Every structure is written in structure tokens, then in C-alpha cells.
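*Asks:* Mind looking over this structure? Questions follow.
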Amino acid sequence: MDKSKPSAHISLGWWTLYFALKLALFASDTLSFSPLYNFSLLCFVLIPLRNRWLNITRHIIGIGLALLLLHHDSYLPPLERLFSQWDLVSQFDTVYLLALAKDFISLDFLLLGFVLIVGYLYLSQILRLSAFVVIGMVIASIPSSFWQMSFTTSPVLETAANNTGNTPTTTAPTQVAVDTSSEGLTTYVGEFFRDQASKTSSLSSIDALTTQPNFDILFLSVCSLAWDDLEYSGNIDHPIFKEFDILFKHFNSATSYSGPAVLRILRANCGQQSHADLFNDNLTAQCSLFDQLARLGYEKEVFMNHDGKFDGFNKHIANNIGTFSPAVDIENLTPSQYAFDGTRIYSDKQILSQWEQIDHSKPTVSLYNTISIHDGNRVVGQSGSRLVTYKRQQKILLDELYAFFQTLKASKRNVVVVLLPEHGAAVRGDRMQISGMREIPTKAITNVPVGVKFFGDVAIENRSQIDVDQRKLLGAKRSACQYLK
Numbered sequence: 012m013d014k015s016k017p018s019a020h021i022s023l024g025w026w027t028l029y030f031a032l033k034l035a036l037f038a039s040d041t042l043s044f045s046p047l048y049n050f051s052l053l054c055f056v057l058i059p060l061r062n063r064w065l066n067i068t069r070h071i072i073g074i075g076l077a078l079l080l081l082h083h084d085s086y087l088p089p090l091e092r093l094f095s096q097w098d099l100v101s102q103f104d105t106v107y108l109l110a111l112a113k114d115f116i117s118l119d120f121l122l123l124g125f126v127l128i129v130g131y132l133y134l135s136q137i138l139r140l141s142a143f144v145v146i147g148m149v150i151a152s153i154p155s156s157f158w159q160m161s162f163t164t165s166p167v168l169e170t171a172a173n174n175t176g177n178t179p180t181t182t183a184p185t186q187v188a189v190d191t192s193s194e195g196l197t198t199y200v201g202e203f204f205r206d207q208a209s210k211t212s213s214l215s216s217i218d219a220l221t222t223q224p225n226f227d228i229l230f231l232s233v234c235s236l237a238w239d240d241l242e243y244s245g246n247i248d249h250p251i252f253k254e255f256d257i258l259f260k261h262f263n264s265a266t267s268y269s270g271p272a273v274l275r276i277l278r279a280n281c282g283q284q285s286h287a288d289l290f291n292d293n294l295t296a297q298c299s300l301f302d303q304l305a306r307l308g309y310e311k312e313v314f315m316n317h318d319g320k321f322d323g324f325n326k327h328i329a330n331n332i333g334t335f336s337p338a339v340d341i342e343n344l345t346p347s348q349y350a351f352d353g354t355r356i357y358s359d360k361q362i363l364s365q366w367e368q369i370d371h372s373k374p375t376v377s378l379y380n381t382i383s384i385h386d387g388n389r390v391v392g393q394s395g396s397r398l399v400t401y402k403r404q405q406k407i408l409l410d411e412l413y414a415f416f417q418t419l420k421a422s423k424r425n426v427v428v429v430l431l432p433e434h435g436a437a438v439r440g441d442r443m444q445i446s447g448m449r450e451i452p453t454k455a456i457t458n459v460p461v462g463v464k465f466f467g468d469v470a471i472e473n474r475s476q477i478d479v480d481q482r483k484l485l486g487a488k489r490s491a492c493q494y495l496k
């Protein structure tokens, strides 16, 4: 036999596993499938090359292209996002990076790879698997709309069948078309921010107060706490939530990261701003919540259970309220945890207890930021996976906040406490983002529990909790608008 002639049967070889894996992930709705790019890669690895070194080079290049294509077909954020945040990612310690890698490669994924390898080694002896893979790729390339039209009953025929006889018919409400193209969404976002730019809520109506306020205000800015996380951890009915006089059930944090979340609190007197505008030094006194309260006689203060250096957190706050020194000194405290970047985290019980004992000469508006349940924290003297640690620390945080509330009750101190989580922890993850990833601000991340509690002379006694459901308020607003039109 003349071995110089190419074989009549061209096989994908081990590339069969790559494309089979992608088809399996596509079938499970874990990946998308780009027909043009995938078939281009298929043709590239099928080009017959007689030169051994050219063939090796082709496969090396193919592996690189395959990895890029795998990322392209995934729902992960663009690689440009990773590179743009590299200065922050490089601060993650090795333990946290290994934990992320462990969670990224799940047991189910490893088992799927094992089954495909064993299946390939066995079935390749009796079947031409390359042909089945190509057929599968062709089927995956057919738009889903084709299958829907093929297997769904025609709405016109179904309506006609249902309307036979004297059965009265009702007219379905007209659905407003929504432009979901890139241009349409960009236009919508632009209109939203232009509308928000005109919204203000100043405290000018009470500027004429002749007496100094007799109560303090404390904002509890909690990192990584959403309703979805509470449900996952089994703490959704924790006693702390029954303590609030007002509880918001569907409050949208509007962001999935700490910096923007805190800045939105500090700029609460004005409408929402874009992410980029939040970090511009264009804050006016009218938009600054703390400056507005300072005009009423409040002293501004900030304290945290961490050093606040990561990603310039302290700097961003100072740009919005002025230079500050933490109200509670943490330098001589013993850390209870270490963060994902190796820095110290201190007990909320310790920090809040010290703050409560401070003798303020004037009423204060305080911002307390805690990262006790941030992803990747490591508890001193304890071990466990990221998710186990999160569930345990979430319970501890809620217990300590509950105990803090009881202390405030006993002290008779006049204070209004506002629980305002920054965002959720994304502990469950989804097909778009692995557990702990918060690039896309999904509802599971931004739907946070917000509560208001009055203590001391301003306490509300013998009154049931006021539950605020923003969805119902929005529905009522829309109905009123439709009526006025």
C-alpha cells in the first residue's frame, strides 16, 4: 500500500472529544454554540498535512483557538474585563485563587469528561464518531426558532379552533414591543440616566429647624447579603428581620460591587448615576446625603471592620464626604478572619460595641461597613469550603447584629439604624456566573433586605412591622399613569 497517499477516511481523532464536550454542554444549556467559528475550527483541524512538524504546529495553534472559542461560547465575562481588573485580581492570595479554581471545575464536569474519554476509546473502535460529531454540530447550528415553528401548534389555527361555536372571545391586551437590540438597549439606558439626572430629594424643608436633632443615624453597610443568600443559608426567617419597624422586601441595590453601592448611599439625594459618573469628582452638596445632614447639625463619621484599602475604598468615601479618621480604631484589635487578599477582618461585635460606647457630644450620622461575609474570607482557627464558611459566618453576623439591637434597646439611646446591604454574595451561581462571581448584577445579587429600626425616644412601640413591596408600588404607579393618560 502506498502510504504517501492520504487516507480516504479523515478522522477528527482526539478533537472528537472537544467538540463532543461542547455539544454536551450546549445541550445542557451551559454553553452557547457559534456555528461559523466552530465549523471554522473543525475545518482547520481537518486540513490534511503530510509534514509532521506542520501537523504538530497546527494542533498547538488549534488548542489555543479551541480555548478561546470555548470562552467565547461560554457565558463568562469578556477576557478584556479580566485584563482591565488585573491589578485587583493580582492582589488575591493563592488560597483564594485555588478555591475559585476548585469551584469552577465541578465534579459533574470532571465526570462528564471521564465518560466522554472512556466512550471515545471504546466506540471509536466500532463507529466513525467524527461523523456523529459533525451531524451534532449541524443540528446545533439550526436556530431554535426553527424547532419552535416545527413543533408548536399554529396560534392562528388554535385560536380558530377554540372560537368555534358561540363561545364569546376576549381580546388579549396589546403587548408593547421592546427593542432588545444593542442600539435599543443603549437608547433605553441613556434615557433612564437623563431622567434620573433631574431627580433630587433635598432636606431643605427641614433646614429651618431651630433645635438640634436629638437622635443619631447609623447606616449598616453589609457586604454580600441578599435575600437569595439568606434563603440558601436557611436564615431568611432570622429574628433580626422581625426587629425592623420598616422592612423593604424588594429593594434593588442597583449594583453588584461594594464601591458603587456605598457611593450610591452617599449620593442618595439625587437620582441614579452611571457607574463611570459615580467615580467622577463631580459631587454637589445637593446630592450628598451626609453634607445635607451635616447642615442639620449632624457630625459625619465612618468606621469599618477592615482597613478599607482594597480598590481605594477609603479614598472613594473620602471623595464624597471629606477626609475622615475611622471612629473606631482597629489597630490594636485581634482579627477574627482574613480576607481574600490576606488583610485582617475584625469581629462586628467588637467594632459595634466600641462604637456604642463612644460619648458623642453632637448627633452623628455614621456609616459602618462590614465585610464579615465577603467571598473568600478565612476564619481564624477554622476550616471549610467557601460555601460552608459563608453559611456559618452569615449566621454569626446576623446573631451579632441582633445582639447589638438588644444592647441599643437597653441603652435607651436615640438612634435610627438603617440596614442597607451593598449586594448579594451570589453563593448559588448560575449558568452565566460561577458561585461568587458578580460581574452581572442579576436579581439574585441586587435584591437585598433593607430595614429601618427606631430606638430610644423615637422607638415605635406596639405597632406591627411595615412591609414595603416596591413591586406593588411600581404597579400602582403604572396603573395611575395609565389612568391619567
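Numbering (this note's numbering), first residue to last: 12 to 496. Think of the CB as a built atom: it goes at the ideal place given N, C-alpha and C, for glycine as much as any other residue. Computed from a predicted structure; not experimentally measured.
If you count every other CB in all the chains shown that lies within 10 Å of the CB of Ala38, and 16 or more means buried, which is it?
*Replies:* Ala38 should be labelled exposed.
*Asks:* In its own chain, which residues sit with a C-beta less than 7 Å from the C-beta of Ile456, not counting the 5 before and 5 after it?
*Replies:* Cβ neighbours of Ile456 beyond the five flanking positions: Ala237, Ser267, His434, Gly435, Ala437 and Arg449.
*Asks:* Report the three-state DSSP secondary structure of Leu457 (helix, strand or coil).
*Replies:* Checking the sequence shown, residue 457 turns out to be Thr, not Leu. If DSSP states are grouped into helix, strand and coil, Thr457 belongs with the helices.
*Asks:* To the nearest whole angstrom, what separates the beta carbons of Gln27 and Leu140, a pair I think is in contact under 8 Å?
*Replies:* The sequence as given places Thr at residue 27; Gln does not occur at that position. Indeed, because the Cβ distance is near 5 Å, the residues count as touching under 8 Å.
*Asks:* In angstroms with no decimal places, state the Cα-to-Cα distance between Trp97 and Gly308.
*Replies:* Their backbone Cα atoms lie some 43 Å apart in a straight line.
*Asks:* Output the distance between the C-alpha atoms of Tyr29 and Gln207, rounded to the nearest integer angstrom.
*Replies:* So the alpha carbons of these two residues sit roughly 48 Å apart.
*Asks:* Going by C-alpha to C-alpha distance, which of Ile251, Ser336 and Ala265 sits closest to Val459?
*Replies:* The residue with the shortest Cα to Cα distance from Val459 is Ala265.
*Asks:* Using a Cβ-Cβ cutoff of less than 8 Å, which residues in the same chain neighbour Leu168 once the five nearest sequence positions on both sides are dropped?
*Replies:* For Leu168, the predicted model reports a pLDDT of 45, less than 50, meaning its position is unreliable; a value from the coordinates is still stated below. Nothing listed; no residue qualifies.
*Asks:* How should Tyr89 be labelled, buried or exposed, when 16 other C-beta atoms within 10 angstroms of its C-beta is the threshold for buried?
*Replies:* Tyr is not the amino acid found at residue 89; the sequence shown has Pro there. That one is exposed.
*Asks:* Per DSSP, which residues does Gly8 bridge with? Please list them.
*Replies:* Since the first residue shown for the chain is 12 and the last is 496, residue 8 is missing from the structure and cannot be characterised.
*Asks:* Let's see if you can read the secondary structure: which residues bound the beta strand (DSSP E) around Phe262?
*Replies:* Ile257 to Asn263 is the extent of the beta strand (DSSP E) around Phe262.
*Asks:* Excluding the five sequence neighbours on either side, which residues of its own chain have a C-beta within less than 6 Å of the C-beta of Ala353, listed in chain order?
*Replies:* Residue 353 is actually Gly in this sequence, not Ala. Excluding positions up to five away in sequence, the list reads Asp104.
*Asks:* Under 8 Å: do the segment 345-362 and the segment 400-414 share three or more Cβ pairs, one atom per stretch?
*Replies:* The answer is yes - the segment 400-414 touches the segment 345-362, with three or more Cβ pairs under 8 Å.
*Asks:* Is the beta carbon of Phe230 less than 9 Å from the beta carbon of Leu378?
*Replies:* Their beta carbons are under 9 Å apart, which means Phe230 touches Leu378 by this criterion.
*Asks:* DSSP state of Thr334, grouped into three classes?
*Replies:* Thr334 falls in the coil class under three-state DSSP.
*Asks:* Need the endpoints of the alpha helix (DSSP H) that Thr68 sits in, please.
*Replies:* Per DSSP, Thr68 belongs to the alpha helix (DSSP H) from Arg63 to Asp84.
*Asks:* Given that a residue counts as buried once 16 or more other Cβ atoms are within 10 Å of its Cβ, and exposed if not, what is Asn552?
*Replies:* With the chain covering only 12 through 496, there is no way to say anything about residue 552.
*Asks:* Taking the beta carbon of Gln417 as the centre, do at least 16 other beta carbons fall within 10 Å, making it buried, or is it exposed?
*Replies:* By the neighbour-count rule (16 or more Cβ atoms within 10 Å), Gln417 is not buried but exposed.
*Asks:* If you reduce the DSSP assignment to three classes, tell me which class Met315 lands in.
*Replies:* Reduced to three states, the DSSP call for Met315 is strand.
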